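Below is one structure, written out as structure tokens, with a few remarks after it.
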Amino acid sequence: MLAESYTAVIARGEDWTDGSATEPYEASWAREAAISLRRLEPAPVSGDASARVQISLDGLHWIDEGTTVEIPSEVGKIALARLTGFPGYLRLVADMADGDSAFMLATLSLKA
Amino acid sequence: MNRHAIDAGPREMDLSRFDPLPRVMFYDDFNQGMSGWTVLTGNYTGSLRNMHPGYRQFTPPMLSNLTQWDGGTHGGLSGSYALKLATRPDVGAQTVSLKRLTFPRACTMQVEAYLTFKPEATELELSDRDVRSFGFVLDIQTKQHRVLPQIRYLNAIDGALANKWQYKPRTTVFNDVGDRTVTLYHYGEENWVDIPGGYQTLCYNEIPTKINWHYFRLGFDIRTLRYTELQCNDLVLDLSGLEMLKFDAMPNLNNLFNVIPFVETDSRKRAFLYFDSILLSGDW
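Note that the protein sequences, when read in sequence, are chains E and F. The first sequence begins at 14 in my numbering and counts up one residue at a time. The second sequence begins at 252 in my numbering and counts up one residue at a time.
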């Protein structure tokens, strides 16, 4: 049987500001994940913007996984990160300059 | 014993806990993968901002092994994995998942499932009033009509236990979302009506991290556009006299048959709906 794969859109047109977090996504079955970010609308950018990958065993208590993904400053660019060895849950937390915002598409592509 | 027979044995035992109609359209136990269950994307044109806010809140389904912070992995009824729907943590937040198909011939179709529901275990409290409801929608179009049979188990509302099955007999208004596209958000709190005889207390258990599986069955006759029966464990309800959301047939939806479970929270906690397995059968 082919290995399972599944792409979940974990931010489907959401306005991110500093501290915005995606909903917990459970993926204990997956061995690897690719996270991609796309900005869907142009917006003024006054500083660096990225998303921190966080992991959790129970979906309640979170720690930084260590990977960060750039939030593209322009529409049309894609940022990508690859992960392995994570436990049950994944989410993204935005780190952005005060006052900045981004209308985002974030996808999580998982493989067993 | 050949390899096929070895593989077939346990699966046949799995199926014996169902009561399917003669033909099985699908049987998903979620131990092999998501099996075609996906997020519901509301209609929109131009920008995702134009999607109805009810649909924008929907989150993608997951495969869960029901791991709890205090008890570890709970697992499914069969195998380790279950399909999981999770709302956002806002009072009244809803989410759905669906599987899209078409019916091969107008007939009675029947959804069966082993399911359970729980709030997110963010408090060391009983939390039995935190999930508002779970339910099923069937989205069906015949040559003349589009119908949306829709039932739910109302667990609690406004912080009070309700413990009853309800259906939605009337429609709401369509909203335009673009040139030739309309949307209808029919999951809202409006127009729910109690099903006669539909009071039922389900096994919640005693803390939010213990779960128990429930048998569920819902039938619908596409020829007559009537429900048949609703069953949850030992409660069986005749729904054949009940009305449903009904419109004239719409373009591009011939023979539509979508199966759409949903869950909603009554608190500022995520509500979870898990399916160990779902089986769709018919008598065509």
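Yeah, the Cβ is synthetic: ideal placement off N, Cα and C, and Gly gets one too. These numbers come from a predicted model, not from an experiment.
Judged by their CB atoms, Glu83 of chain E and Leu105 of chain E are not nearer to each other than the 9 Å cut-off. Among the residues facing chain E, Glu371 of chain F is included, as its CB has a counterpart in that chain under 9 Å away. Of the candidates F:Gln345, F:Asp517, F:Lys394 and F:Tyr438, the residue whose Cα lies closest to the Cα of Leu504 of chain F is F:Lys394. Counting along the chain, Pro85 of chain E sits inside no beta strand (DSSP E), nor does DSSP assign it H or E at all. Using a C-beta cut-off of 8 Å, the segment 514-528 of chain F makes no contact with the segment 471-482 of chain F, since fewer than three inter-stretch Cβ pairs fall below that distance. Within chain F, the residues placing a beta-carbon under 7 Å from that of Gly101 of chain E are Thr318, ordered along the chain.
At a cut-off of 9 Å between beta-carbon atoms, Trp42 of chain E makes contact with chain F. In this structure, Asp279 of chain F and Ile529 of chain F form a Cβ contact; the two beta carbons are roughly 5 Å apart against a cut-off of 8 Å. Contact holds between the segment 35-55 of chain E and the segment 99-113 of chain E, because three or more Cβ pairs, one in each stretch, are under 8 Å apart. Among the residues of the segment 54-76 of chain E, those with a Cβ less than 9 Å away from any Cβ of chain F are Glu54, Leu70, Asp71, Gly72, Leu73 and His74, in the order of the chain.
Your pair Val428 of chain F and His303 of chain F checks out as a contact, with CB atoms roughly 7 Å apart and the cut at 8 Å. If you check the CB distance, Asp527 of chain F and Ser329 of chain F come in under 9 Å.
Nothing from the segment 504-518 of chain F brings a Cβ to less than 7 Å from some Cβ of chain E. The Cβ atoms of Leu334 of chain F and Pro370 of chain F lie no closer than 9 Å to each other.
Under the DSSP assignment, Arg307 of chain F falls in the alpha helix (DSSP H) whose first and last residues are Pro304 to Arg307. Comparing C-alpha distances from Leu435 of chain F to each of F:Asn484, F:Ser491, F:Lys497 and F:Cys483 shows the shortest one belongs to F:Lys497. Distance check between Tyr404 of chain F and each of F:Leu314, F:Gly439, F:Leu453 and F:Leu377 places F:Leu453 closest, using alpha-carbon atoms only. As DSSP reads the structure, Lys124 of chain E sits in a beta bridge with E:Ser18 and E:Glu45.
In the structure shown, Arg380 of chain F falls within a coil segment according to DSSP collapsed to helix, strand and coil. Under a criterion of Cβ atoms nearer than 7 Å, the residues of chain E adjacent to Ser315 of chain F are, in order, Glu39. Taking 9 Å as the CB threshold, Gly284 of chain F lines the interface with chain E. In its chain, beyond the 5 residues on either side, Arg65 and Gln67 have a beta carbon closer than 7 Å to the beta carbon of Asp77 of chain E.
For Leu314 of chain F, the beta-bridge partners assigned by DSSP are F:Leu334. Residue-level contact by beta carbon holds for Gly26 of chain E and chain F, with a gap shorter than 9 Å. For Glu27 of chain E, the three-state secondary structure derived from DSSP is strand. Across the structure, Val388 of chain F and Ala110 of chain E are spaced so that their CA atoms are roughly 43 Å apart. Secondary structure of Asn506 of chain F (DSSP, three-state): coil. DSSP links Arg519 of chain F through a beta bridge to no other residue.
At a cut-off of 9 Å between beta-carbon atoms, Val106 of chain E makes no contact with chain F. Sequence-distant Cβ neighbours of Pro273 of chain F in its own chain, meaning closer than 6 Å and more than five residues away, are Asp534.
With respect to chain E, the C-beta atom of Tyr332 of chain F has a partner C-beta closer than 9 Å. A Cβ of chain F is located within less than 9 Å of the beta carbon of Glu17 of chain E. Spanning the alpha carbons of Pro271 of chain F and Glu494 of chain F requires a straight line of approximately 24 Å.
Pairing Gln482 of chain F with Trp443 of chain F gives a Cβ-Cβ distance that is not under 9 Å.
For Asn426 of chain F, the pairing in a beta bridge is given by DSSP as F:Thr434. From the listed residues F:Ala372, F:Gln392 and F:Leu366, the smallest Cα separation to Thr353 of chain F is found for F:Gln392.
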